[in-house]
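Remarks on the structure that follows.
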Amino acid sequence: MMGHNQFELLGQRRFLPFFLVQSLGAFNDNVYRQAIIALLFFLGVSSEQRTLYTNLAPALFILPYFLFSGLAGQIAEKLEKQRLIRITTAMEIGIMSVAAVGFLTANMPLLLVALFGTGLQSTLFGPVKYSILPSVLRPEELTGGNGLVEMGTSMSILLGMIFGGLIFVVAGQAGPEAAAASIVVLAITGNLISRMVPRVEASAPDLKINWNPFPESLKALRLARRQPAVRNSILGISWFWFVGTVLTAQLPTYAETYLGGGSTLYLFCFVLFSVGTGVGSLLCEKLSRRTIEIGLVPLGAIGMTVFCADLYFAQPGPAIASGLTVREFVAAGNWRIIADLTLIGLFAGLFIVPLFALVQSRTPREELSRVIAGLNIQNAGFIVLAAMLGVLLQRESLAIGGMALPMTDLRIPAWTLPLPGLTIPELFLALAVANAGVSILIFTLVPEFFLRFLAWIYVSIFYRVSITGVEEHVPDEGPALLVCNHVSYMDPLVISAAVPRPIRFVMYYKIFRIPGMNWVFRAHRAIPIAGAREDPAVMEAAFAEVKAALDAGELVCIFPEGALTKDGEIAKFKGGVERILERSPVPVVPMALTGLWDSMWSRRDSRLGRLRVPRRLRAAVGLVAEAPVPGDTATAASLEARVRQLRGDRP
Numbered sequence: 205m206m207g208h209n210q211f212e213l214l215g216q217r218r219f220l221p222f223f224l225v226q227s228l229g230a231f232n233d234n235v236y237r238q239a240i241i242a243l244l245f246f247l248g249v250s251s252e253q254r255t256l257y258t259n260l261a262p263a264l265f266i267l268p269y270f271l272f273s274g275l276a277g278q279i280a281e282k283l284e285k286q287r288l289i290r291i292t293t294a295m296e297i298g299i300m301s302v303a304a305v306g307f308l309t310a311n312m313p314l315l316l317v318a319l320f321g322t323g324l325q326s327t328l329f330g331p332v333k334y335s336i337l338p339s340v341l342r343p344e345e346l347t348g349g350n351g352l353v354e355m356g357t358s359m360s361i362l363l364g365m366i367f368g369g370l371i372f373v374v375a376g377q378a379g380p381e382a383a384a385a386s387i388v389v390l391a392i393t394g395n396l397i398s399r400m401v402p403r404v405e406a407s408a409p410d411l412k413i414n415w416n417p418f419p420e421s422l423k424a425l426r427l428a429r430r431q432p433a434v435r436n437s438i439l440g441i442s443w444f445w446f447v448g449t450v451l452t453a454q455l456p457t458y459a460e461t462y463l464g465g466g467s468t469l470y471l472f473c474f475v476l477f478s479v480g481t482g483v484g485s486l487l488c489e490k491l492s493r494r495t496i497e498i499g500l501v502p503l504g505a506i507g508m509t510v511f512c513a514d515l516y517f518a519q520p521g522p523a524i525a526s527g528l529t530v531r532e533f534v535a536a537g538n539w540r541i542i543a544d545l546t547l548i549g550l551f552a553g554l555f556i557v558p559l560f561a562l563v564q565s566r567t568p569r570e571e572l573s574r575v576i577a578g579l580n581i582q583n584a585g586f587i588v589l590a591a592m593l594g595v596l597l598q599r600e601s602l603a604i605g606g607m608a609l610p611m612t613d614l615r616i617p618a619w620t621l622p623l624p625g626l627t628i629p630e631l632f633l634a635l636a637v638a639n640a641g642v643s644i645l646i647f648t649l650v651p652e653f654f655l656r657f658l659a660w661i662y663v664s665i666f667y668r669v670s671i672t673g674v675e676e677h678v679p680d681e682g683p684a685l686l687v688c689n690h691v692s693y694m695d696p697l698v699i700s701a702a703v704p705r706p707i708r709f710v711m712y713y714k715i716f717r718i719p720g721m722n723w724v725f726r727a728h729r730a731i732p733i734a735g736a737r738e739d740p741a742v743m744e745a746a747f748a749e750v751k752a753a754l755d756a757g758e759l760v761c762i763f764p765e766g767a768l769t770k771d772g773e774i775a776k777f778k779g780g781v782e783r784i785l786e787r788s789p790v791p792v793v794p795m796a797l798t799g800l801w802d803s804m805w806s807r808r809d810s811r812l813g814r815l816r817v818p819r820r821l822r823a824a825v826g827l828v829a830e831a832p833v834p835g836d837t838a839t840a841a842s843l844e845a846r847v848r849q850l851r852g853d854r855p
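Okay, structure coming up:
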């Protein structure tokens, strides 16, 4: 399992054409937007007109997300996805052809109309961009696939900005013609590549489309908030866009005023953030061991908070120098600021990728496109809010009123709203504090995020986990019962770290009820069970909950020995597993843990002994899985024999 990596996806037709299409789309959008700004300088328009257009352009691009996301989500559910990708890239050719005319005639209103069209095309493409991944990737590939998509998007935005900004510099007087040709050629290239995307069937072909976008937008938002974990993952994704918008919007002025540079230094700062985001996105698969490791989300949030705050302390006041080039800035030893900007991006990548993977894995396929549409609406709202707050918080006051009423001599007096008047470094510090607050809110609402973070930290520090057969034999979807030997209290953490899907663990009810730990087990949706002589009601409730979980298509893991091993050997499997399979004859995956008997959490040590420092850090631990056994033929004895064989015991 660990021999695979996400870059292998770039050599496979099921992923590469889609990856290229979405990257080209992001690249072309940013080439176009930067070329419009470059055209304004080329035409020599006044600074007032330039300001008007540069503020109007983002609003026109994002407006379709509010208006048509609900409709886009429905279309993405109903249509075969490769066909929809071809349609949207064909739309891009038409829109960029209109934009090309705008460049050739220097017609700004026409360019802005086309910009609205690119926003519409992106709105339609957005739901299919993320909903297609669970259809073409296996669960253990979702984190790596999303990491590649986020990396591709970050790099495409960066390169598109550079390319679009340089068109008029390189082409000179032929700038309008070069811009027109570039965006049309890129659009045609994207459409040609889209024809190589494999066919992906519609998730809800019988869905009846409601062409009124407003009620459907509300419905999409409701779908996105139905499941707590998905709802708060979506909140986290939108917050990522909020932080990114506030940060990147300040970079031009920050680079000039506080770093003493110009446009090239601003671009260098943006490069640092973008490259950091790309690297962080790619690291997710390695750090998560090819699972959907939501424990990385708190790590990302902590890193974003720390390094965003450090930007304030690194340079709290205006720079003494001015006009610095990138080389002069680096030579001056500004490594702390360089590190801060890069690491904010890196931890942002660790934050965003698992959230997207969780949304994709825990949302029903027939609803995913509409949930992504709801996410896009919320993202758009957070981006607009970030832009507004970024401006308002840097002002000292805002005058409201102060107008004369028509046809009268009455005048409404002006009322001044006091505002903080933050400097940009102070705004970065406020953003760090806000990021910490929002993160705490999310992790409080869904403790699973922070608990998985603690588990991930523990397993990563104390164990080197070798995984064999899990990727091949644990079903990608549908119900299955996992049976494993029980060596230590850490067994569920190790198994969870190895299996990409969420697991419901069956555990002894007295441990489940331990004060202070009960909320942890509830957050992980563990199933408490008791012996028939101890509490028959608890036992019956456990079997009923196991059946309900399997009927719902979930994974359930049991330790058929019924207790931790007392001597390191596998004890006789009890008959509870047979009772489960009588009610739900699902596939059974035999699994075996090795190397945990020497753990401080096994019964090799007394309770007092468990308080000592572990014997070894990074101890070698193994998890081996075998091909599923049909549930209607499996017995406790046969499963015990298979687990013994997997562990290396003699029959």
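Residue numbers (our numbering): 205 to 855.
Note that beta-carbon positions come from the ideal geometry of N, C-alpha and C, so glycine has one too.
C-beta contact flag for L363 and L319 at 7 Å: By the CB criterion at 7 Å, L363 and L319 fall outside the cutoff.
Beta carbon of I733 nearer than 7 Å to that of A741: Cβ atoms of I733 and A741: not closer than 7 Å.
Residue environment, W445, which counts as buried when at least 16 other CB atoms sit within 10 Å: W445 comes out buried.
Test item: CB-CB of Y269 and T357 under 7 Å: Y269 is not a Cβ neighbour of T357, given a cutoff of 7 Å.
Touch test, the stretch 296–303 against the stretch 388–397, Cβ-Cβ under 8 Å, three pairs minimum: Yes, they touch.
N- and C-terminal bounds of the beta strand (DSSP E) containing M711: Where M711 is concerned, the enclosing beta strand (DSSP E) stretches over 707–712.
Collapsed DSSP secondary structure at P719 in the structure displayed: Of the three classes helix, strand and coil, the one that applies to P719 here is coil, per DSSP.
DSSP beta-bridge partners of A824: Partner(s): R668.
CA nearest to the CA of A453, picked from I628, A841, F716: Closest by alpha carbon: I628.
Three-state secondary structure assigned by DSSP to S250: Coil, per DSSP.
Pairwise C-alpha distance: S700 and Q431: Distance between the alpha carbons of Q431 and S700: 21 Å.
Runs of alpha helix (DSSP H) wholly within the stretch 434–509 (minimum 4 residues, chain order): Counting only runs of 4+ residues, the alpha helix (DSSP H) found wholly inside the stretch 434–509 occupies 467–492, in chain order.
Cβ-based burial, E773 [other Cβ within 10 Å; buried from 16]: Classification for E773: exposed.
Contact belief for F162 with M743 at Cβ below 8 Å, rounded distance in angstroms: An answer regarding residue 162 cannot be provided, because it is not within the stretch 205 to 855 covered by the chain.
CB of G351 within 7 Å of CB of Q253, strictly: No, they are not a contact pair.
Beta-carbon proximity list for A518, same chain, < 7 Å, skipping 5 on both sides: Result list for A518: R540, I541, D544, in chain order.
Beta-carbon spacing of A823, H677 below 7 Å: Remark: C-beta atoms of A823 and H677 do not approach each other more closely than 7 Å.
C-alpha gap between V687 and P764, whole angstroms: Cα to Cα, the separation comes out at about 7 Å.
Alpha carbon of V650 to alpha carbon of V703, nearest angstrom: Cα atoms of V650 and V703: separation of roughly 21 Å, rounded to the nearest angstrom.
Where P696 falls: helix, strand or coil (DSSP): Shown here, P696 sits in a helix according to DSSP, grouped into three states.
Closest by C-alpha distance to S692, when choosing among K770, L267, L422, M795: Ranked by Cα distance from S692, the options K770, L267, L422, M795 are led by K770.
First and last residue of the uninterrupted beta strand (DSSP E) at L797: It spans 792–798 - the beta strand (DSSP E) in which L797 sits, taken as one unbroken run.
Minimum length 3: unbroken beta strand (DSSP E) runs contained in the stretch 547–616: Along the stretch 547–616, the beta strand (DSSP E) occurs as fully enclosed runs of 3 or more residues at 601–605, listed in sequence order.
C-alpha gap between T457 and I556, whole angstroms: Using only the alpha carbons, I get a separation of about 27 Å.
Sequence-distant residues of the same chain with beta carbon closer than 6 Å to Q238, five excluded per side: For Q238, where only same-chain residues beyond five positions count, the Cβ hits under 6 Å are M365, G368, G369.
Assumed close pair S803, M694 - CB separation to whole angstroms, cut-off 8 Å: About 6 Å separates the two Cβ atoms, so the contact holds.
Residues near I646 in its chain [Cβ-Cβ closer than 7 Å; skip 5 each side]: Leaving aside the five residues that flank I646 on each side, the residues in its chain whose CB is nearer than 7 Å to its CB run, in chain order, N436, L439, G440, F653.
L885: first and last residue of the uninterrupted beta strand (DSSP E) it sits in: One cannot answer for residue 885 here, as it falls past the ends of the chain, which runs 205 to 855.
Three-state class that DSSP yields for P419 in the structure shown: Here P419 sits in helix by DSSP.
Beta-carbon contacts of Q598 that lie in its chain and below 6 Å, excluding the five residues immediately before and after: Within the same chain, Q598 has close Cβ partners L626.
Straight-line Cα distance separating V750 from L213: Across the structure, L213 and V750 are spaced so that their CA atoms are roughly 36 Å apart.
For N689, the nearest candidate out of I289, I731, K714, K776 (CA to CA): The closest CA to that of N689, considering only I289, I731, K714, K776, is found on K776.
Beta-carbon gap between F246 and F418 smaller than 7 Å: Result no, Cβ atoms of F246 and F418 do not sit closer than 7 Å.
Same chain, Cβ closer than 6 Å to T672, neighbours up to 5 away in sequence not counted: Shown here for T672: same chain residues with a beta carbon closer than 6 Å to its own, the five before and five after excluded, namely V828 in chain order.
heavy atom of the ligand GDP below 6 Å from C512 C-beta: As for the ligand GDP, it is missing from this structure, which has no ligand bound.
Close beta carbons around N414, own chain, < 6 Å, minus the five adjacent residues each side: So the list reads E420, once near-sequence residues are dropped.
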